[in-house]
Amino acid sequence: MERVIEFIGNHWMLFIAFVVVLYLVIQELLDNVFKRFQSLTPIAAVMHMNDIETTILDVSQTADHKKEHIENAMNIPLAKLETNLGQLEPFKEKSLLVFCQTGAQSAQACKKLHKLGFHQVINLIGGLKAWDEQKLPTSKTKS
164 MERVIEFIGN
174 HWMLFIAFVV
184 VLYLVIQELL
194 DNVFKRFQSL
204 TPIAAVMHMN
214 DIETTILDVS
224 QTADHKKEHI
234 ENAMNIPLAK
244 LETNLGQLEP
254 FKEKSLLVFC
264 QTGAQSAQAC
274 KKLHKLGFHQ
284 VINLIGGLKA
294 WDEQKLPTSK
304 TKS
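Our numbering applies: residue 164 is where the sequence shown begins, and numbers increase by one.
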């Protein structure tokens, strides 16, 4: 035990870095374990949409949505999600597939939506980029 204390005293910056990394790893693991929404790959999402009526929500910026989006997707940018909740209220008890350009913003949106009472929220892993890589249909017109 004395050697551990001596090591920490001699290498305190290394020890602090270790504690920070350990904290971040544990936080990420707990986030994944207690995640309240489902995440699906594009192919799995298509299979889900074929089985269950699913509303598609694009949380990308409006300009990105106009460039390209999944067909029949409604657009509510992440920053405006809570203020435009009325548009989503009819879909509160239905399956809701959420995507953005890369999948990062949609995961945040899924967390927000779950906290707001949406319990059938699905995050599209990889976002529109992954959807395009699978050569799945998109629309370049405003829906």
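The C-beta atom is built at its ideal place from N, Cα and C for all residues, glycine as well.
- Item | N- and C-terminal bounds of the alpha helix (DSSP H) containing Ile171 | The residue labelled residue 171 in the question sits at position 8 within the sequence shown. From DSSP, the alpha helix (DSSP H) with Ile171 extends over 165-173.
- Could you pull out every residue in the same chain whose Cβ sits closer than 6 angstroms to the Cβ of Pro300, ignoring the five residues on either side in sequence? Reading the sequence shown from its first residue, position 137 is the one you call residue 300. Closer than 6 angstroms at the Cβ level, and outside the excluded window around Pro300, lie Glu234.
- Query: How many Å lie between Val188 and Phe178 at the Cα?
  - Reply: Start at 1 with the first residue of the sequence shown, and residue 188 comes out as number 25. Start at 1 with the first residue of the sequence shown, and residue 178 comes out as number 15. Whole-angstrom Cα-Cα distance: 15 angstroms.
- Query: Is Leu291 closer than 8 angstroms to Val261 when the C-beta atoms are compared?
  - Reply: For the purposes of this step, residue 261 is taken as the residue at position 98 of the sequence shown. For the purposes of this step, residue 291 is taken as the residue at position 128 of the sequence shown. No; because the gap between Cβ atoms is not below 8 angstroms, this pair is not in contact.
- Compute the beta-carbon to beta-carbon distance between Leu259 and Ile285, rounded to the nearest angstrom, for a pair I have assumed lies under 8 angstroms. Here residue 259 refers to the residue found at position 96 when the sequence shown is read from its first residue. Here residue 285 refers to the residue found at position 122 when the sequence shown is read from its first residue. With 8 angstroms as the limit, Leu259 and Ile285 qualify as a contact, their Cβ atoms being about 7 angstroms apart.
- Test: Phe197 CB closer than 8 angstroms to a CB of chain E: Going by chain labels, chain E is absent from the structure shown, which holds only one protein chain.
- Task: Decide if Asp221 is buried, meaning its Cβ has at least 16 other Cβ atoms within 10 Å, or exposed.
- Result: For the purposes of this step, residue 221 is taken as residue 58 along the sequence shown, with counting starting at 1. So Asp221 ends up on the buried side.
- Item | Reduced DSSP category for Ile215 - H, G, I as helix; E, B as strand; rest coil | For this step, residue 215 is matched to residue 52 along the sequence shown. Three-state result, Ile215: coil.
- Item | Where the alpha helix (DSSP H) containing Ser258 begins and where it ends | Here residue 258 refers to the residue found at position 95 when the sequence shown is read from its first residue. That residue, Ser258, is in no alpha helix (DSSP H); its beta strand (DSSP E) goes 258-262.
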